[in-house]
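Quick note on the numbering used here: the sequence shown kicks off at 301 and runs consecutively. Working notes for the structure below.
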Amino acid sequence: MNDLTNKKLISIIDELIEEKLSIDENFLRFTFYEVRVKKGVKDEEEKDFLKLAENKLNNMNYIVYFQDQEFTYNEARRRVQINELLIAVKRR
301 MNDLTNKKLI SIIDELIEEK LSIDENFLRF TFYEVRVKKG VKDEEEKDFL
351 KLAENKLNNM NYIVYFQDQE FTYNEARRRV QINELLIAVK RR
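Here is the structure:
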């Protein structure tokens with residue numbers, strides 16, 4: 301991944317996190333539509349986007365789940381759906 305792509309992806313991640321935190325700081329949901337369509341992340345950039353987002357969210361004290369992984373939130377068992385790239389749940 302080159303520096304320009306890296307900076308672009310980090311900027312997109314920061315924007316999305318800021319938007320999500322204003323809605324619910326305990327549960328952040330990144331959809332395919334938001335990332336790929338609205339923010340313009342290309343297919344070949346998606347893997348790097350997810351790695352960078354996971355790293356940043358882990359550093360912010362979130363547990364990160366990817367497509368088709370199961371997790372528990374508000375005492376309910378859930379699964380990251382096919383239209384969701386990433387779910388982050390704040391550690392308690």
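Note that CB positions come from ideal geometry on N, CA and C, so glycine has one too. As the structure is a computational prediction, the values presented were derived from the model and not from experiment.
Inset, instruction - Kindly indicate which three-state DSSP category VAL337 falls into: helix, strand or coil? - result: helix
Inset, instruction - Give the secondary structure of GLU344 by DSSP, where H, G and I count as helix, E and B as strand, and everything else as coil. - result: GLU344 sits in a helix when the DSSP states are folded into three classes.
Legend entry - Endpoints, the alpha helix (DSSP H) within which GLU319 is located: 303–323
Inset, instruction - Return the CA-CA distance between ASN361 and LYS390, expressed in angstroms with no decimal places. - result: 6 Å
Legend entry - DSSP state of GLU375 mapped onto helix, strand, coil: coil
Legend entry - Burial state of ALA388 (16 or more Cβ within 10 Å): buried
Inset, instruction - Give the DSSP bridge partners of GLU370, in chain order. - result: Per DSSP, ARG379.
Legend entry - For ILE363, the nearest candidate out of ASN383, LYS338, ARG392 and ARG336 (CA to CA): ARG392
Inset, instruction - State whether the region 343–359 contacts the region 370–390, with contact taken as three or more CB pairs (one from each stretch) at a distance under 8 Å. - result: yes
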